[in-house]
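Residues in the sequence shown are numbered consecutively from 769, following the working numbering. Each residue gets a CB set at the ideal place from its N, CA and C atoms; glycine is no exception. All of these numbers come straight from a predicted model, not from anything done at the bench.
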Amino acid sequence: MKTADLACPEILPIFPLTGVLLLPGSLLPLHIFEQRYKSLVSDALAGDRFLGMVQPLRPRADNRMDAATAAEPAVPLDPDVSRPELYSVGCAGAIEPVELLPDGRYLIFVRGVCRFRIRRELPHPAGYRRVEADYSDFLPDLETSEHTLDTRRLFDALRAFGESQRLELDLTRLAEMPAVAVLNSLAMALPFAPAEKQALLEAIDTSERHEMLISLLSMGLEPWAAGDAAVSAKPN
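Written out as structure tokens, the structure reads:
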């Protein structure tokens, strides 16, 4: 399944997860255990296999993090307080490998395809949230093109960060990966604050994201208590 061959749907079911970043071309593992999101995955698998990842603007206690200032103005959605406001930009992805466990839980991998801007939230009769997505500002995400990045500067910043945090980093595997894959992997994996994750998502292009990541590494980071969010996160 080639990213460039996929047609992104206008109507997207979404996972609102704080601190969880999906970028075009990258793979995100998710552990699906809550009933409404098992229904979402089941419905997606029976259809176009697409879903959207979006961060809540003000997360609840079960997806902890203090409210952050949006890189884009927040979209005022469902007034129900159990459905928090969302950042206006997310990323659509296609479900690839799927493992259905005996107890009904899913282990899935989502391949990032294209970022989107939320036009509006739609009714949610199935229990999970759905939005009308506008991809027009992010169409370059669908193009397959080569990117020239100075990975030396990125690795230098990563080494300096590791030393400042007293971490032993093995960069051997990263050094063997394509430059964009390295950039996206670090942006998704490192525990930056949600507002910083959102800024990385909304970067105009790969070059801007590269410079932003180097700056964030140079400033250091304060890990937030998200646990293994990318694997077993609880959506809002």
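Going straight from the alpha carbon of residue i to that of residue j, what length do you get?
i           : j           : result
residue 958 : residue 814 : 33 Å
residue 853 : residue 895 : 16 Å
residue 866 : residue 796 : 12 Å
residue 976 : residue 956 : 16 Å
residue 781 : residue 941 : 34 Å
residue 812 : residue 944 : 34 Å
residue 874 : residue 809 : 8 Å
residue 834 : residue 961 : In this prediction, residue 834 has a pLDDT of 34, which is less than 50 and means its spatial position is unreliable; nothing more can be read from the coordinates.
residue 778 : residue 878 : 18 Å
Would residue i and residue j qualify as a contact pair, given that the criterion is a beta-carbon distance under 7 Å?
i           : j           : result
residue 785 : residue 880 : no
residue 925 : residue 982 : yes
residue 911 : residue 899 : no
From what residue to what residue does the alpha helix (DSSP H) around residue i run?
i           : result
residue 861 : Not the alpha helix (DSSP H): residue 861 falls in the beta strand (DSSP E), residues 857–868.
residue 805 : 803–814
residue 929 : 919–932
residue 948 : 947–957
residue 784 : Per DSSP, residue 784 belongs to no alpha helix (DSSP H); it is in the beta strand (DSSP E), 779–784.
residue 898 : Here residue 898 belongs to no alpha helix (DSSP H); instead the beta strand (DSSP E) covers 898–902.
Is it right to say residue i is buried, meaning 16 or more other beta carbons lie within 10 angstroms of its own, or is it exposed?
i           : result
residue 928 : exposed
residue 907 : exposed
residue 839 : Reliability of the predicted coordinates at residue 839 is poor, the pLDDT of 41 falling under 50, and no value is obtained from them.
residue 883 : buried
residue 916 : exposed
residue 904 : exposed
residue 988 : exposed
residue 824 : buried
residue 820 : buried
residue 934 : exposed
Quick one: give me the first and last residue of the beta strand (DSSP E) that residue i is part of.
i           : result
residue 797 : 795–800
residue 883 : 874–890
residue 819 : 818–822
Three-pair Cβ contact test at 8 Å for the segment 918–932 versus the segment 886–901: No, the segment 918–932 does not touch the segment 886–901.
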